[in-house]
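Chains as they are written, first to last, in this note's numbering: chain R, 1 to 263; chain D, 264 to 545.
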């Protein structure tokens, strides 16, 4: 059997590089950086992941420190919610065990989502598995996601923005020899994972009603009279003033935006 | 093959150069040193942030703090919404006034009866002005004017009139606060007698009767318990990954929110609610 030619290796190498760079084209360097971990040792990857988490935490703490230095105190709003880390985890746990699809051949299963609240940043660690059905390849993933808060269509969400993705490939049979390439293929799919991750929803209602009940008093002293008051509803809407994260809690400050009375 | 591979390599090299050292993970030592530096700087910031955030409430799944000034702004909308906040319907009152006298030595009874009438009262002011432990104090002011249909007999001569009736009340009422069945806060007025000042100036056949009385009303009759909602939902339509492959990446499931271990209190002009939240499946 003739050994593979040099050009064949060049072809393989160039295809491999193409797979490696494709995620950059899809989503930029930041997210894909850890995908390069396919060829590095696990300790190097683990240390890089911890460094990135530490960097994200520092950036968040710096932003929060600047905010707290401003004269407007936290909680100086019409209504302020303080959501605990435990509540966030109860909410995020709704995702545990859920299965979704990256494409028709690649499914994923979220094993657990755990949220940790630091000063200035909320970091969710998602343990999940992606399964490429065509190649029969499992990829265990550990993802670090930054929670970013947003209001959309009257709902208050925390979106999950992955900044560290640590994949570990498990393949079988002859496919195992192509693990690296397969991982790169999967990496292309995973690079858009944040588009698939459902947001964590908070139960904040921005459109509210404050009912004032109807009343009737019968006066039979001095002058006989019936005094009645009609039922009224104070309708008001809230707008997010700011959302801050401090150790162990999320602070969401809201102001009354519009108010009116309905009879 | 070689000619095909070369462009790939060139493009790859150019893109990699554009991405800096993205593919060159730092060594484990470099990462550890970087992490240690970041942690040291974060710890320094943490101490000042923790000091600034020390007063923030915690210890429950959710704590909400509502400023009474905000509630007052909403109540101002109610008081400013119109001048017909309270309706008064006069019923037959016989007599409103009665006196026995003599005319030319003959005993007669002069009397004035209210037959009917109505007036509208303006809720001029309803504001929370103070807090104390688990009570709120509100000031209420109402004022109104209307006409009553009266009839009567003076010196044996029957007559009728339509005098002006005026009502006025200004007092303070205390409300005890308690957690309602869910996340809401219930405000229940404490029993108190408030006085409705009533003035009906009747002039009947030259007989002027200034009816000026304070009618006692119970605060618990005057104001019903009010439930202040907390701006939290009792259910969430929760997005989850779609279990089946298709156009929709997400599917939505309903989760009910139950509130337990609820408590409320007032703190420096703020109404504070705290409770435990649990999510349950449909």
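Ideal placement from N, C-alpha and C gives every residue a C-beta, glycine not left out.
### Query
According to the Cβ coordinates, are residue 243 of chain R and residue 256 of chain R closer than 8 Å?
It is not a contact, given that the beta carbons lie outside the stated cut-off.
### Query
residue 249 of chain R: buried (16+ other C-beta within 10 angstroms of its C-beta) or exposed?
Using a 10 angstroms sphere on the CB of residue 249 of chain R, the tally of other CB atoms reaches 16 or more, which defines it as buried.
#### Entry: Between the CA atoms of residue 199 of chain R and residue 47 of chain R - distance to the nearest angstrom
Rounded to the nearest angstrom, the gap between the Cα atoms of residue 47 of chain R and residue 199 of chain R is 28 Å.
### Query
In the stretch 311-382 of chain D, which residue ranges form an unbroken beta strand (DSSP E) of at least 3 residues, counting only runs that do not cross its ends?
Counting only runs of 3 or more, we get 325-330, 349-353, 356-366.
### Query
What runs of the beta strand (DSSP E), each 3 residues or longer, lie entirely inside the stretch 107-132 of chain R?
Listed in chain order, they are 121-132.
### Assigned secondary structure, residue 630 of chain D (DSSP; H/G/I helix, E/B strand, else coil)
Examination of residue 630 of chain D is not possible in this model, given that chain D is present from 264 through 545 alone.
### Query
How is the alpha helix (DSSP H) around residue 70 of chain R delimited, first residue to last?
Residue 70 of chain R -> no alpha helix (DSSP H), and no H or E assigned at all.
### Query
Within this structure, are the beta carbons of residue 122 of chain R and residue 113 of chain R separated by less than 8 Å?
In this structure, residue 113 of chain R does not lie closer than 8 Å to residue 122 of chain R by Cβ.
### Query
Should residue 164 of chain R and residue 195 of chain R be called a contact, given that it needs their Cβ atoms to be closer than 8 Å?
Cβ distance not < 8 Å, so residue 164 of chain R and residue 195 of chain R don't count as in contact.
#### Entry: residue 397 of chain D versus residue 438 of chain D - alpha carbon distance
Near 8 Å, if we compare the C-alpha coordinates of residue 438 of chain D and residue 397 of chain D.
#### Entry: residue 424 of chain D in three-state terms, based on DSSP
Strand, per DSSP.
### Task
Report yes or no: is there a C-beta of chain R within less than 8 Å of the C-beta of residue 501 of chain D?
Yes, residue 501 of chain D counts as interfacial toward chain R.
### Query
So, does the CB of residue 36 of chain R fall closer than 8 Å to a CB anywhere in chain D?
Residue placement at residue 36 of chain R is poorly supported in this model, since its pLDDT is 35, which falls under 50; the coordinates are not used for a value here.
### Query
Secondary structure at residue 482 of chain D, three-state DSSP: helix, strand or coil?
Residue 482 of chain D sits in a helix when the DSSP states are folded into three classes.
### Task
Please state if the CB of residue 505 of chain D and the CB of residue 512 of chain D are separated by a distance shorter than 8 Å.
Yes, the Cβ-Cβ distance between residue 512 of chain D and residue 505 of chain D is below 8 Å.
### Message
I need the DSSP call for residue 53 of chain R, collapsed to helix, strand or coil.
### Response
In the structure shown, residue 53 of chain R falls within a helical segment according to DSSP collapsed to helix, strand and coil.
### Query
Do residue 260 of chain R and residue 388 of chain D have their C-beta atoms within less than 8 Å of each other?
Not closer than 8 Å, so no.
### Message
Looking at chain D, is there any beta carbon in it that lies within less than 8 Å of the beta carbon of residue 84 of chain R?
### Response
At least one CB atom of chain D sits nearer than 8 Å to the CB of residue 84 of chain R.
### Query
Should residue 155 of chain R and residue 148 of chain R be called a contact, given that it needs their Cβ atoms to be closer than 8 Å?
Taking 8 Å as the Cβ cut-off, residue 155 of chain R and residue 148 of chain R do not qualify as a contacting pair.
### Message
Would you say residue 468 of chain D lies against chain R (beta-carbon separation less than 8 Å)?
### Response
Not closer than 8 Å to any Cβ of chain R, the Cβ of residue 468 of chain D fails to qualify, so no.
#### Entry: Alpha-carbon spacing of residue 229 of chain R relative to residue 100 of chain R, whole angstroms
The C-alpha of residue 229 of chain R lies about 54 Å from the C-alpha of residue 100 of chain R.
### Task
Could you check how far apart the C-beta atoms of residue 298 of chain D and residue 54 of chain R are, in whole angstroms? I think they sit under 8 Å.
Confirmed, about 4 Å.
### Rounded C-alpha distance that separates residue 378 of chain D from residue 422 of chain D
If you take the alpha carbons of residue 378 of chain D and residue 422 of chain D, they lie about 12 Å apart.
### Message
On the criterion of 16 or more Cβ atoms from any shown chain inside 10 Å, does residue 519 of chain D qualify as buried, or is it exposed?
### Response
Exposed is the call here.
### Task
Report the three-state DSSP secondary structure of residue 233 of chain R (helix, strand or coil).
Three-state result, residue 233 of chain R: strand.
### Task
Give a yes or no on whether 8 Å exceeds the smallest Cβ distance from residue 221 of chain R to chain D.
It does: the Cβ of residue 221 of chain R has a partner Cβ on chain D nearer than 8 Å.
### Task
Pick out whichever of R:239, R:233, R:236, R:83 has its Cα sitting closest to the Cα of residue 245 of chain R.
Nearest in C-alpha terms to residue 245 of chain R, of all of R:239, R:233, R:236, R:83, is R:83.
### Message
If you reduce the DSSP assignment to three classes, tell me which class residue 154 of chain R lands in.
### Response
Looking at residue 154 of chain R - three-state DSSP - the assignment turns out to be coil, as it is neither helix nor strand.
### chain R contact for residue 521 of chain D (CB, 8 Å cutoff)
Not closer than 8 Å to any Cβ of chain R, the Cβ of residue 521 of chain D fails to qualify, so no.
### Query
If we ignore side chains and look at the alpha-carbon of each, how far apart do residue 311 of chain R and residue 491 of chain D end up?
Outside the modelled stretch of chain R, which goes from 1 to 263, sits residue 311 of chain R, for which no answer is possible.
### Message
Under 8 Å: do the stretch 313-327 of chain D and the stretch 71-87 of chain R share three or more Cβ pairs, one atom per stretch?
### Response
Yes, the stretch 313-327 of chain D touches the stretch 71-87 of chain R.
### Task
List the DSSP bridge partners of residue 90 of chain R.
Answer is none; residue 90 of chain R lacks a bridge partner.
### Message
Contact between the stretch 348-368 of chain D and the stretch 305-318 of chain D is defined here as three or more beta-carbon pairs at a separation below 8 Å; is this criterion met?
### Response
No contact exists between the stretch 348-368 of chain D and the stretch 305-318 of chain D.
### Query
Roughly how far, in whole angstroms, is the beta-carbon of residue 86 of chain R from the beta-carbon of residue 109 of chain R, given that I think they are within contact range, below 8 Å?
Not quite, the Cβ-Cβ distance comes to about 24 Å (not below 8 Å), so this is no contact.
### Query
Going straight from the alpha carbon of residue 301 of chain D to that of residue 58 of chain R, what length do you get?
Cα to Cα, the separation comes out at about 6 Å.
### Task
Please report how far the alpha carbon of residue 209 of chain R lies from the alpha carbon of residue 466 of chain D, in whole angstroms.
Those two C-alpha atoms are separated by around 47 Å.
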